[in-house]
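The block underneath contains the structure these notes are about, expressed in structure tokens.
Chains as they are written, first to last, in the working numbering: chain A, 47 to 392; chain B, 170 to 810.
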């Protein structure tokens, strides 16, 4: 997938400084990934894993300490404000909080028109036409003169999508765009995103904490934990046959709404009562126990061994072209599918 | 629809705005038009007619030189109001612009502005102004501008802190990422909220400026003593106060009224900045009220042995006019001891309203208008607020969606828990401390000794939710109402909380009413569930039957739109449209307009909730028929049985 890359991230680290002598807190630590043209890359992790920071680093609003971001062959790791403004039409963003991302003082049409006025020299009549057209495309025809508070959460999210799309970007960063929405509305927005991708050949970086949602929309999934990539690979492979213990923990935490047992590897004990009594992979104490050497997941990992706590795992590429960062990969891989490996042994 | 302009118009229509605003406007116009309005020249003396009270010839009397007070007031208002305008405009322009710019751009500009501001704030402004007047006598404008300038340092700080917040608002970030120029962002996004915040300060400052100008005129600096001025008139009146008590009233009274008017406008500006008037104008008492007729034991509905029973509960909220509009209608269900019951539905369907009604916590004038809520044999709908408070402390615990927000940030966890324990148990503080640790162990917190010393913001979301559950358990409740307890949490943490619920259920026989919109959560944790749509129960069934053979089209549609159940690449089945608001509810089936199976008959009459088997109820006239003709989509997804 590397040859048709729209955006490439190489060994990216982001650090936030707290206090002026303290060591910067590493929000991202050597993350590499690539977003191909017209495809969706899903980024999954718990809160605090650095998902949002990665999106912000691409947009140039997070302090990058090392590594590079390349967009269409051009390095945008540290660009001038001027160049950023020139790039704005190509990279756009939709946020999680549709309420906060639209100015309550502007009509929806004015909000959507804003990037258009800023980046293109168009007559007011043309701007109005474009805005009406894009609002109609997201399913809100004739609503340009209304204000955000008159819309429901799902509709506001459509307006935010319209604003991102009005410049016909190449890449849209979707930061938890559906996590606040109801099931039925979530389905509407997901369908809309899929349709728009087909129509305009968009690429998405789809950030979410919910693997099943990410899986539905993505071609490729990257799982991160505490600022490091744990596992990345083709969406179906990751979803149906997760290798990394963290991916497996994430997947097994999403309760299935049906007595399906599981179509995926025996990830979840079949039957409701089994699920109830299963102990989980330890509690994340939330403290800043950033591991200096080892795997950041080692403290919660049910299968961790000594080396996990001291040595940072290397990248391992599997036969189905995914990347796993786990010392146990070699030990675990042969067991996949044989039924001997579960997230919670014993 | 309420646009920005409408909001201003709306504000102008309120008496708190138009009375002081109109008063100031009239005074300003009168002073501007003093040339036409005043009956005499302000300096025309009539020594035969001094210190007179009001008369037809001199409406406000005459002063110690026989000059007409009304004319002098009108002319004297000119320097006073001009001074106020000069000072206030400088104050507002400098304060707002420096505040917005330093807040938005930060960096060296911010540092310089803050440094200058600190420096200016240390200057005693009255002494600076008097010193300047000593150098440039009778230059009142300069004095007022200096006042404005010195005062603006304080405003800059206030505006800067608002700007720092606005700057991080997502819509400002979005505009920046949309390539909008910095100038435009400052003008369009940063300025309006800054002006709203500053308005309060500006009006208050105008009042201060008026007093300042009058004060200077009173002591006779800044302007020629021959020129009429309000302050000068007060000074004149003061010198003859022993002979003429009336003299002080016109000038002193006008200054007082003007200052008061500015203060009232500042008040109104503060109210406007804190949001449009909305729910607060509602009348009616919060809490649960029961229709008198229903309390009659003769028609009291039967009471089963269940722990919690809702019988035909209808909840209404007053609309803007004060009429009660039902938002939840005819909800009946039961929760047995140690049972976990799920409540499903989209937002706006009334799930949380039902939960709050059980707790007696309906806000904004919401009331249970009919039906009854029976808990542990007691009819809650007859309770007064006091009895309810006791019940909330002992019988029913409540867990909200926002765990961190539900814990008081001012206290450590230990103190919150001790308070909860001692609220219903008279025990020593040592014992309470011990009980607090027990509770934390009960919710599976591995190091309770550390957690009791933490504040809410030091806890992760999952940890905070465990603490919130511990607080709810402090009173040994029999029923826990959990309103979307894990929606804000990560999936892994959610799974842990759900495991905790199951443990509590088995160990303590705790019944749980679990409000959620997540099918997985409800399926994995509840024995039965209620599906709500537009304030009604549309289906009620054991969860296994509900997810494998949904009988109501809404249940089915809601289940199908779950991305977990769809083959990747195919469009997700959606329910077109949105939940209708209570004002749009019709007599017939409320789901009909979004339902793919709807017939004309669906909307003709009210659809009753029909019992189709021992423990299933459905509100659909076609449920039987649909079950037969429609191959079950959900069943087809199941792996070969």
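A virtual CB, placed ideally from N, CA and C, is assigned to each residue, including glycine. None of these values were measured; they are calculated from a predicted model.
Helix, strand or coil, according to DSSP, for residue i in the structure here?
| i | result |
| --- | --- |
| residue 276 of chain A | strand |
| residue 411 of chain B | coil |
| residue 266 of chain A | strand |
| residue 255 of chain A | coil |
| residue 485 of chain B | strand |
| residue 82 of chain A | strand |
| residue 581 of chain B | strand |
| residue 624 of chain B | strand |
| residue 705 of chain B | strand |
| residue 456 of chain B | For residue 456 of chain B, the predicted model reports a pLDDT of 37, less than 50, meaning its position is unreliable; a value from the coordinates is still stated below. The answer is coil: DSSP assigns residue 456 of chain B none of H, G, I, E or B. |
| residue 502 of chain B | strand |
| residue 223 of chain A | coil |
| residue 77 of chain A | strand |
| residue 533 of chain B | coil |
| residue 856 of chain B | Nothing can be reported for residue 856 of chain B, as the shown portion of chain B is limited to 170 through 810. |
| residue 181 of chain B | helix |
Got a sec, what are the start and stop residues for the alpha helix (DSSP H) residue i sits in?
| i | result |
| --- | --- |
| residue 567 of chain B | That residue, residue 567 of chain B, is in no alpha helix (DSSP H); its beta strand (DSSP E) goes 565–568. |
| residue 631 of chain B | 630–642 |
| residue 286 of chain A | 281–286 |
| residue 181 of chain A | 170–183 |
| residue 239 of chain B | 238–274 |
| residue 734 of chain B | No alpha helix (DSSP H) holds residue 734 of chain B; DSSP gives it neither H nor E. |
Whole angstroms is fine: what's the gap from residue i's alpha carbon to residue j's?
| i | j | result |
| --- | --- | --- |
| residue 315 of chain A | residue 297 of chain A | Only weak support exists for where residue 315 of chain A lies, its pLDDT of 37 falling under 50; the value from the coordinates is given anyway. In a straight line, the C-alpha of residue 315 of chain A is about 12 Å away from that of residue 297 of chain A. |
| residue 51 of chain A | residue 731 of chain B | 31 Å |
| residue 392 of chain B | residue 307 of chain B | 4 Å |
| residue 223 of chain B | residue 247 of chain B | 23 Å |
| residue 372 of chain B | residue 704 of chain B | 46 Å |
| residue 242 of chain B | residue 398 of chain B | 7 Å |
| residue 247 of chain A | residue 88 of chain A | 17 Å |
| residue 378 of chain B | residue 234 of chain B | 29 Å |
| residue 328 of chain B | residue 263 of chain B | 11 Å |
| residue 152 of chain A | residue 244 of chain A | 31 Å |
| residue 272 of chain B | residue 336 of chain B | 8 Å |
| residue 395 of chain A | residue 251 of chain A | Shown here, chain A extends from 47 to 392; a query on residue 395 of chain A therefore has no answer. |
| residue 655 of chain B | residue 664 of chain B | 9 Å |
| residue 706 of chain B | residue 499 of chain B | 8 Å |
| residue 401 of chain B | residue 338 of chain B | 50 Å |
| residue 671 of chain B | residue 679 of chain B | 9 Å |
| residue 649 of chain B | residue 566 of chain B | 5 Å |
| residue 274 of chain B | residue 325 of chain B | 14 Å |
| residue 146 of chain B | residue 293 of chain B | With chain B represented from 170 up to 810, any question about residue 146 of chain B goes unanswered, as that position is not in the structure. |
| residue 811 of chain B | residue 526 of chain B | In the structure as shown, chain B begins at 170 and stops at 810. Residue 811 of chain B is therefore absent and cannot be evaluated. |
In the DSSP assignment, find the beta strand (DSSP E) that holds residue i and state where it starts and stops.
| i | result |
| --- | --- |
| residue 691 of chain B | Run containing residue 691 of chain B: none in the beta strand (DSSP E); it sits in the alpha helix (DSSP H), 688–694. |
| residue 510 of chain B | 509–513 |
| residue 371 of chain A | 369–371 |
| residue 781 of chain B | 779–782 |
| residue 650 of chain B | 648–652 |
Can a CB atom of chain C be found closer than 8 Å to the CB of residue i?
| i | result |
| --- | --- |
| residue 175 of chain A | This model lacks chain C altogether; the protein chains it does include are A and B. |
Indicate whether the contact test is met: 3 or more Cβ pairs, each with one atom in the segment 595–604 of chain B and one in the segment 558–565 of chain B, closer than 8 Å.
Contact fails: fewer than three Cβ-Cβ distances are below 8 Å.
Residues of the segment 752–775 of chain B with a CB closer than 7 Å to any CB of chain A: list them in chain order, please.
Answer set for the segment 752–775 of chain B: empty.
Take every Cβ of the segment 159–170 of chain A, pair it with every Cβ of the segment 235–242 of chain A, and state whether three or more of those distances are shorter than 8 Å.
No, the segment 159–170 of chain A does not touch the segment 235–242 of chain A.
With 9 Å as the C-beta to C-beta threshold (strictly closer), list the residues of the segment 160–171 of chain A near chain B in chain order.
Going along the segment 160–171 of chain A in chain order, one finds 160, 161, 162, 163, 164, 165 with a Cβ nearer than 9 Å to chain B.
Would you be able to state if there are at least three C-beta pairs under 8 Å between the segment 737–751 of chain B and the segment 762–776 of chain B?
These segments touch.
Can you give me, in chain order, the residues of the segment 674–705 of chain B that have a beta carbon less than 7 Å from any beta carbon in chain A?
Per Cβ criterion, the list reads 686, 688, 689, 690, 692, 693.
In chain order, what residues of the segment 320–339 of chain B put their CB closer than 7 Å to some CB of chain A?
Residues are counted here when their Cβ sits less than 7 Å from a Cβ of chain A; for the segment 320–339 of chain B these are 338, 339, given in chain order.
Return the residues of the segment 721–740 of chain B that lie within a Cβ-Cβ distance of less than 8 Å from chain A, sorted by chain order.
Those would be 726, 727, 728, 730, 731, 732, 733, 734, 735, 737, 740, in chain order.
Counting beta carbon pairs with one atom in the segment 54–65 of chain A and one in the segment 252–259 of chain A, are three or more of them shorter than 8 Å?
The segment 252–259 of chain A vs the segment 54–65 of chain A: no contact.
Report the residues of the segment 642–670 of chain B with a CB closer than 8 Å to any CB of chain A, ordered along the chain.
Here the close residues are 659, 660, 661, 662, 663, 664, 665, 667, 668.
Just checking, does the segment 516–535 of chain B make contact with the segment 716–733 of chain B on the three C-beta pairs under 8 Å criterion?
No, the segment 516–535 of chain B does not touch the segment 716–733 of chain B.
Short-range partners of chain A found in the segment 244–256 of chain B, where Cβ spacing is below 8 Å:
Answer set for the segment 244–256 of chain B: empty.
Within 7 Å of chain A by C-beta, residues of the segment 493–523 of chain B in sequence order:
Taking 7 Å as the Cβ-Cβ cut-off against chain A, the residues of the segment 493–523 of chain B that qualify are 515, 516.
Counting pairs of beta carbons, one from the segment 197–212 of chain A and one from the segment 87–103 of chain A, are three or more of them closer than 8 Å?
No, the segment 197–212 of chain A is not in contact with the segment 87–103 of chain A.
Just by C-beta distance, which residues in the segment 251–278 of chain A are closer than 7 Å to chain B?
For the segment 251–278 of chain A, residues whose beta-carbon sits nearer than 7 Å to a beta-carbon of chain B comprise 255, 256, 258, 259, 261, 262.
May I ask you to verify whether the segment 682–701 of chain B touches the segment 502–518 of chain B, counting CB pairs closer than 8 Å and requiring at least 3?
Yes, they touch.
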